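In the numbering used here, the protein residues as written are 223 to 565.
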Ligand code: TLP
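1. Residues in its own chain within less than 8 angstroms of residue 446 by CB, not counting five upstream and five downstream?
2. Locate the beta strand (DSSP E) running through residue 416, then write down its first and last residues.
3. Near residue 529, which residues of its chain fall below 8 angstroms by C-beta distance, leaving aside the five closest residues on each side in sequence?
4. Taking its Cβ as the centre, do 16 or more other Cβ atoms sit within 10 Å of residue 416, making it buried, or is it exposed?
5. By a C-beta neighbour count over all protein chains shown, 10 Å radius and 16 as the cutoff for buried, is residue 257 buried or exposed?
6. Tell whether a beta-carbon distance below 8 angstroms holds between residue 286 and residue 266.
7. Going by alpha carbons, who is nearest to residue 273 out of 434, 419, 248?
8. Should residue 359 be listed as close to the ligand TLP, given that the test is whether its C-beta is under 7 angstroms from any heavy atom?
9. When you measure from the CB of residue 394 to every non-hydrogen atom of the ligand TLP, does any distance come out below 7 angstroms?
10. Skipping 5 residues on each side, what residues in its chain have a beta carbon closer than 6 angstroms to that of residue 426?
11. When every heavy atom of the ligand TLP is checked, does at least one fall within less than 7 angstroms of the C-beta of residue 307?
12. What residues are listed by DSSP as bridge partners for residue 392?
13. What are the boundary residues of the beta strand (DSSP E) that residue 539 is part of?
14. Pull up the CB-CB distance for residue 532 and residue 541, whole angstroms please, since I reckon it's below 8 angstroms.
15. Check the DSSP bridge columns for residue 534 and list the partner residues they point to.
16. With a Cβ-Cβ cutoff of 8 angstroms, do residue 339 and residue 381 count as a contact?
17. Give the range of the beta strand (DSSP E) segment to which residue 435 is assigned.
Quick look at the structure:
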C-alpha cells in the first residue's frame, strides 16, 4: 500500500531536479561569507521581499528565535497569537534563549487584530514588562493555514510603530499566502522589520529558512546565529536546493491548495469529520472529529493504518497538510480510503 503522508509539508524529499542542483552547487566557507551559493540564495530572497539583506539559517525556529533575540532585551514582552509557532512549538525558546515574556492574545483562527494588539500594549513602565515586539504568523498553522488580511497587517504594523515596537512576520508559509491571494511578497514584508520564511515546507527543500531585514539587522543576525550554534560552513550544498525551490516550486503551491479543497470536501461527506470549508484557504485542512468519544489520537492511528497518516492537532482535531509529494491521483486515492474506512 502506498503511504500518502499528510502529516506535514516538512516531509517532502528533494526531487531529481533539486538533487541535480545540489550536486552541482559551488561552495565556500559561509562563516567567512564566502559561499557563493548561499550568497546567491540570500540575494535572491532579499530581492523577492524587497529587504536590504537576508541570512540563510538552519530552520524556521532558528529564524524566529534570532529575530526575537535581536528585537528584544531580557524581561521584555512579545505580543502574539496564543496558538502561534513561537508560543507553542519552539520548546519555550524565546524564554530560554532571550529571556522574554510572551503575551498571548486569543486570535480567531490564528488571526489577531490591531485592536487586540493595541489593548495588549503596556503603558506602565515602572512595573510592567516593556512591549517590545509584535509577531504574527502568515499563513497561520494552527489556525488551519489561514491568511492574514493585508488590511489588518497594515493596522497592526501601525499600532506597533506608534508604540515604538518592532514587528516580526513568521512567514514559514508566506508563499502559500502569496499564491492564494496574489499579494506580492514585498507587499507583506514592508509591514515588518523582520520576516522569516521556510524553504523546507511547501517549497520542498530538505533544509533551511531565510531571515530578512535591514543590513544592520542581518549583520547582528549573523552574530546571533553563530551564538545559537548555527554558523554553517559549505552550506551552499543545501542552499542550492533553496534556490531551486524558489525558482521552481512557488507557483505550483496552488495545486496543493486545490488538493486540500478536494480532501476537505471528501472529509465532509463522512460522519466522522467536519471541515469548516471557509477556513481551508491554503494547503492545510483541519478536520474536527464530530464524536467527542473519538480522540484525535484514535482517529490518527486509524488514518495511519489505512496509509494516510495525519497529525493530531488538539484533542479533537486532525491536521492534514498537502505538499508537492502528493499528486492529484494520490489525493483521490486518499479520499477513497478515508470515505470507505470512516463512517
Ligand atoms: N511547523 C511544523 C511543526 O513544528 C508544527 C509543522 O509541521 O507545521 N513557523 C511555522 C508557522 C511553522 O509551522 C514551523 C514548523 C516553523 C515556524 C518552524 O520551522 P522548523 O521546523 O524549520 O523549525
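Don't be surprised by glycine CBs; every beta carbon is placed ideally from N, CA and C.
Treat the numbers as computed from the prediction; the structure is a model and nothing was measured.
Let me spell this out:
1. 288, 291, 292
2. 416-420
3. 223, 224, 225, 226, 559
4. buried
5. buried
6. no
7. 434
8. yes
9. yes
10. 234, 467, 471, 546
11. yes
12. 359, 418
13. 539-543
14. 6 angstroms
15. 540
16. yes
17. 431-435
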